[in-house]
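The structure appears right after this line, and notes come after that.
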Amino acid sequence: MDLRDKTVLILGGAGLVGLAVARRALEGHPARIILGSLRESEVESALAELGAQASERGVALDGVWGDLFVPYDMKDRTRADILRDEDTRGRLVDDLYGELTEDVVLRSTLGRILIDASPEIIVDCINTAGALAYQNVFASAARLREAAAADRVDAVAVDTHLATLYLPQLIRHTQIALEGMKSAGTQVFVKVGTAGTGGMGLNIPFTHSEERPSRVLLAKSGIAGAQTLFLYLMARTPGGPAVKEVKPTAAISWKSIGQGPIERGGKPIRRVDATEALPLADAFGPGAENAHLDMGGALEGVFLDAGENGVFTVGEFETLTALGLMEFVTPEEIADNVVREILSHPTGKDVVTALDAATMGPTYRAGVLRSAAIDHMEALEERAGIRSVAYEMLGPPRLSKLLFEAEILRRLYGSLEAAVALDPVGSADRAAALIDEDADLRQRILSIGLPILLPSGKELLRGPDVKVRPEPDIPLGDERLIERGWVDLRSENWEHWADRCRALRDEITTRPGVELGSMGDHEYGDLTGRIRPGRMAAWIFRYEDKGERIKR
Numbered sequence: 133m134d135l136r137d138k139t140v141l142i143l144g145g146a147g148l149v150g151l152a153v154a155r156r157a158l159e160g161h162p163a164r165i166i167l168g169s170l171r172e173s174e175v176e177s178a179l180a181e182l183g184a185q186a187s188e189r190g191v192a193l194d195g196v197w198g199d200l201f202v203p204y205d206m207k208d209r210t211r212a213d214i215l216r217d218e219d220t221r222g223r224l225v226d227d228l229y230g231e232l233t234e235d236v237v238l239r240s241t242l243g244r245i246l247i248d249a250s251p252e253i254i255v256d257c258i259n260t261a262g263a264l265a266y267q268n269v270f271a272s273a274a275r276l277r278e279a280a281a282a283d284r285v286d287a288v289a290v291d292t293h294l295a296t297l298y299l300p301q302l303i304r305h306t307q308i309a310l311e312g313m314k315s316a317g318t319q320v321f322v323k324v325g326t327a328g329t330g331g332m333g334l335n336i337p338f339t340h341s342e343e344r345p346s347r348v349l350l351a352k353s354g355i356a357g358a359q360t361l362f363l364y365l366m367a368r369t370p371g372g373p374a375v376k377e378v379k380p381t382a383a384i385s386w387k388s389i390g391q392g393p394i395e396r397g398g399k400p401i402r403r404v405d406a407t408e409a410l411p412l413a414d415a416f417g418p419g420a421e422n423a424h425l426d427m428g429g430a431l432e433g434v435f436l437d438a439g440e441n442g443v444f445t446v447g448e449f450e451t452l453t454a455l456g457l458m459e460f461v462t463p464e465e466i467a468d469n470v471v472r473e474i475l476s477h478p479t480g481k482d483v484v485t486a487l488d489a490a491t492m493g494p495t496y497r498a499g500v501l502r503s504a505a506i507d508h509m510e511a512l513e514e515r516a517g518i519r520s521v522a523y524e525m526l527g528p529p530r531l532s533k534l535l536f537e538a539e540i541l542r543r544l545y546g547s548l549e550a551a552v553a554l555d556p557v558g559s560a561d562r563a564a565a566l567i568d569e570d571a572d573l574r575q576r577i578l579s580i581g582l583p584i585l586l587p588s589g590k591e592l593l594r595g596p597d598v599k600v601r602p603e604p605d606i607p608l609g610d611e612r613l614i615e616r617g618w619v620d621l622r623s624e625n626w627e628h629w630a631d632r633c634r635a636l637r638d639e640i641t642t643r644p645g646v647e648l649g650s651m652g653d654h655e656y657g658d659l660t661g662r663i664r665p666g667r668m669a670a671w672i673f674r675y676e677d678k679g680e681r682i683k684r
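Residue numbering for the sequence shown follows the working numbering, starting at 133 and increasing by one per position.
Next up, the structure:
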């Protein structure tokens, strides 16, 4: 893909890698580069740094900021502040654990930025794994258990812990990113990921505590791995952008070398001195932390700025990057690979493509054996006089619903051609009669947790278990209940089934035959013209529900 005249959004664009990507992208003469970061001050500094280079090339520079993992109206508040506030805490947890809706996407910071910017190209340089892992679910769990032991567990404690759990946050972040990019028309998404340990193993000596390796660091690696697999799945989703991930596995350095005050977390490290020697027994007791004197200034020194990883002394940098330890890679080398991947020049460093090449997909042998398995199972059913239809173990309940409705069609009409001409009202009456008369069919539906909605739409049959029940966001009367797992005998549903049968029949009759080559997809049993419930459900999932597999 060409960068020229495109809008490029660089999330984490004020960071070490983000700035390097921006500089490299400017060479491609995009129309606009948008830099995103957590804080407005970071964005303003980055825009000032790139201003002259952008002006020379006639590229517009813009900035966006805020926490991408919270709703838009909370984007400039700290996480601690959000969790202290009953209203914002509740809304955060609701959006995190509730069903993904268009409103959830639109009110999220990430969703709003993506839709407003509508970038053709996105490069995500945010250390997502670090941002989530450093919330520290282990410390949160310890506080919750401590509260439980003291009988102080309340909604605040529970919600705070729920808002800290990593996987729900990553899942929602991934969902919003995909939906936002689809709405924005994004064509290429490149993630600059992480291994969590700078390419080192579980023996890594650089950790966040004397626990080696720390649980927080391993959580970071786990989140990074989960995100990679989510990107792999995103790349296999129709309608989304081309998805790539460049994953550095070494320390990333450096931004600058300088001399001056030393900051940690955006605040200067105060220079202090001890006022007296404390007996060892008292050194960690009450008031011991006050046995010092603030010297009235910040600690100063020579430093190497490693971006998001902080600043290092020469000794720290020398140790970290030594041969046989973490070593290092420059942000410019990462940026080169990112831009080459955007331009569709293979680098051999795209992890998503590597997974595509290394994972096993469908095989010829399995395809041949599929027909043998289907034939054998159908012969067993024929001899036993049983039509099993669905057991509701594969999921979702919608599959079982579709299989049973298609089975009812098969029993009433037999062929696709006959089903195409069905009378919806008559079919509803005949289906109701079949359910009433065929106890085995009725019991098979009810026993696996599917209710049967009768033709009036006002009555249903049900067993002790119902897989799809009314919920606060899906109340009784909502059509989504029926679509997700109720066997629907209403006339409008049979009219819908007639349209499906027509579409499938037309596809079968108009596709190129095998005598014309291998252009068409020919499924088992299509040429018989018979209604096959499994074939009908597969067609609905593939085309109507847009669940098609696009990579093999």
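Beta carbons: idealized from backbone N, C-alpha and C, even for Gly. Bear in mind that the values here come from a model prediction, so they are computed numbers and not experimental data.
Span of the beta strand (DSSP E) around residue i
i: S169; result: 164 to 169
i: D405; result: 402 to 406
i: I142; result: 139 to 143
Residue i, DSSP secondary structure in three states
i: D620; result: strand
i: T306; result: helix
i: T641; result: helix
i: S187; result: helix
i: K599; result: coil
i: A383; result: strand
i: I214; result: helix
i: S588; result: coil
i: P665; result: helix
i: V202; result: coil
i: I606; result: strand
i: F449; result: helix
i: F338; result: coil
i: D653; result: coil
i: P370; result: coil
i: R136; result: coil
i: T660; result: helix
i: T318; result: coil
i: M332; result: coil
Range covered by the alpha helix (DSSP H) that runs through residue i
i: G390; result: Here G390 belongs to no alpha helix (DSSP H); instead the beta strand (DSSP E) covers 388 to 393.
i: H161; result: H161 -> no alpha helix (DSSP H), and no H or E assigned at all.
i: T360; result: 347 to 366
i: E569; result: 556 to 569
Residue i versus residue j - alpha carbon distance
i: P583; j: I606; result: 16 Å
i: A383; j: I336; result: 13 Å
i: S315; j: R216; result: 33 Å
i: G499; j: G493; result: 11 Å
i: P203; j: T296; result: 15 Å
i: Q185; j: R155; result: 8 Å
i: M206; j: G666; result: 47 Å
i: A560; j: E627; result: 10 Å
i: L608; j: L232; result: 19 Å
i: E655; j: L541; result: 20 Å
i: I663; j: A522; result: 16 Å
i: T642; j: Y545; result: 22 Å
i: P556; j: E513; result: 29 Å
i: G195; j: E172; result: 8 Å
i: K481; j: A489; result: 12 Å
i: R368; j: I682; result: 6 Å
i: G167; j: L246; result: According to the sequence shown, residue 167 is Leu rather than Gly. For L167 and L246, the distance between alpha carbons rounds to 12 Å.
i: L310; j: D256; result: 13 Å
i: V285; j: R275; result: 10 Å
i: E464; j: G372; result: 28 Å
i: A670; j: A358; result: 28 Å
Residues that DSSP places opposite residue i in a beta bridge
i: K323; result: D256, E377
i: D194; result: I166
i: V175; result: BP columns for V175 are empty, so no partner.
i: L593; result: I584
i: K399; result: R396
i: V461; result: I384
Cβ of residue i within 8 Å of any chain B Cβ
i: S240; result: Chain labels in this structure do not include chain B; a single protein chain is all it has.
* Asked: Along the chain, which unbroken stretches of the beta strand (DSSP E) at least 3 residues long are found entirely within the stretch 412 to 447?
  -> 424 to 430, 432 to 437
* Asked: Enumerated in chain order, which unbroken segments of the alpha helix (DSSP H) with a length of 4 residues or greater are wholly contained in the stretch 465 to 550?
  -> Counting only runs of 4 or more residues that sit fully inside the stretch 465 to 550, the alpha helix (DSSP H) segments are 483 to 490, 496 to 516, 529 to 545, in chain order.
* Would you list, in sequence order, the uninterrupted beta strand (DSSP E) runs of no fewer than 3 residues that lie entirely inside the stretch 220 to 289? => 253 to 256, all fully within the stretch 220 to 289.
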